[in-house]
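Colleague: In this note's numbering, the protein residues as written are 638 to 876. For every residue, glycine included, the Cβ atom is placed at its ideal position computed from N, Cα and C.
What follows is the structure, encoded as structure tokens:
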């Protein structure tokens with residue numbers, strides 16, 4: 638099975654002159670379709686920088702990035718933005734919902750950015766909210782939603798347009814234990830889609846039981862990889 642995302646020998650320098658720092662030091666990472674992968678590491682390990690490169694927000698100083706059949710290597714800002722819009726969905730710790738838009742409208746905004754026809758957007762937004770169990774809150778504004786519900790809307794927004802890669806940055810950090818587990822269970826279920834790979838960057842060890850794979854990063858280098866468990870039909874044994 639081919640990786641849905643493949644980063645090879647990623648190096649990233651930040652700063653200039655004497656202040657230049659090598660943040661990533663030859664990182665190799667793959668996301669497999671139908672799997673949820675955790676990326677864990679201490680503060681300052683390079684997680685956020687790596688996530689930004691995988692999401693086509695930053696370009697690597699060296700190395701290559703491929704998402705499906707598309708390569709990000711050599712693309713200018715406009716090309717990276719187009720690749721990001723069409724193939725990458727994001728889930729953030731702080732939800733990043735527009736407060737003046739309903740749950741449906743927040744999802745429709747993401748569809749608009751991906752170039753979806755206006756006439757198709759309401760039905761696609763409704764389907765995305767159904768998948769995260771929020772059909773009954775479709776017309777609610779963020780101020781009327783709980784933290785767990787806001788994160789579910791954020792996940793629905795990331796699913797809108799069916800991107801092949803979903804990147805989640807500390808999605809449980811602002812949630813209590815019950816809501817955090819519910820969000821991870823949802824992401825785990827979403828990850829069963831064989832046309833999609835999910836990467837969750839986290840410090841939260843409560844998320845470990847939901848992962849198919851675990852990758853550890855320290856000081857800009859991958860220092861460990863492990864398979865956590867296998868889903869039925871994946872054809873692999875749990876570690």
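Starting from the C-beta of residue 670, find all residues in its chain whose C-beta is less than 7 Å away, skip the five residues before and the five after it, and write them out in chain order.
Modeller: The sequence position of residue 670 within the chain shown is 33, counting from 1. So the qualifying residues of the chain are 638, 641, 831, 832, 833, 834.
Colleague: Return the chain-ordered list of same chain residues with a C-beta closer than 8 Å to the C-beta of residue 841, the five sequence neighbours on each side being excluded.
Modeller: Your numbering for residue 841 matches position 204 in the chain shown. So the qualifying residues of the chain are 807, 809, 810, 817.
Colleague: So what does DSSP say about residue 871, is it helix, strand or coil?
Modeller: The count along the chain shown starts at 1 and reaches residue 871 at position 234. Any reading at residue 871 is ruled out, since the residue's pLDDT is 44, under 50, leaving its predicted position unreliable.
Colleague: Using DSSP's beta-bridge definition, name the partner residues of residue 704.
Modeller: In the chain shown, the residue the question calls residue 704 occupies position 67. Its beta-bridge partners are 642, 707.
Colleague: Would you identify the three-state DSSP class for residue 876, choosing helix, strand or coil?
Modeller: As a working note, residue 876 is residue 239 in the chain shown. Residue placement at residue 876 is poorly supported in this model, since its pLDDT is 34, which falls under 50; the coordinates still yield a value, given next. Residue 876 falls in the coil class under three-state DSSP.
Colleague: Please return the same chain residues whose Cβ sits closer than 7 Å to the Cβ of residue 812, not counting the five positions on each side in sequence.
Modeller: Walking along the chain shown from the start, residue 812 turns up at place 175. Hits under 7 Å: 784, 785, 788, 820.
Colleague: Which of the three DSSP states is assigned to residue 816 in this structure?
Modeller: In the chain shown, the residue the question calls residue 816 occupies position 179. Helix, per DSSP.
Colleague: Alpha carbon to alpha carbon, how far is residue 734 from residue 804?
Modeller: In the chain shown, counting from the first residue as 1, residue 734 sits at position 97. In the chain shown, counting from the first residue as 1, residue 804 sits at position 167. Taking the straight line from one Cα to the other gives about 16 Å.
Colleague: Per DSSP, residue 677 forms a beta bridge with which residues?
Modeller: For the purposes of this step, residue 677 is taken as the residue at position 40 of the chain shown. Residue 677 is bridged to 853.
Colleague: By how many angstroms is the C-alpha of residue 863 removed from the C-alpha of residue 870?
Modeller: Counting from one through the chain shown, the residue named residue 870 turns up at place 233. Counting from one through the chain shown, the residue named residue 863 turns up at place 226. Caution applies to residue 870, whose pLDDT of 42 falls short of 50 and renders its modelled position unreliable; the model cannot decide the point.
Colleague: Kindly provide the ranges of any alpha helix (DSSP H) runs that are 4 or more residues long and lie completely inside the region 707-773, ordered along the chain.
Modeller: List check, alpha helix (DSSP H) in window: 714-724, 740-750, 758-768.
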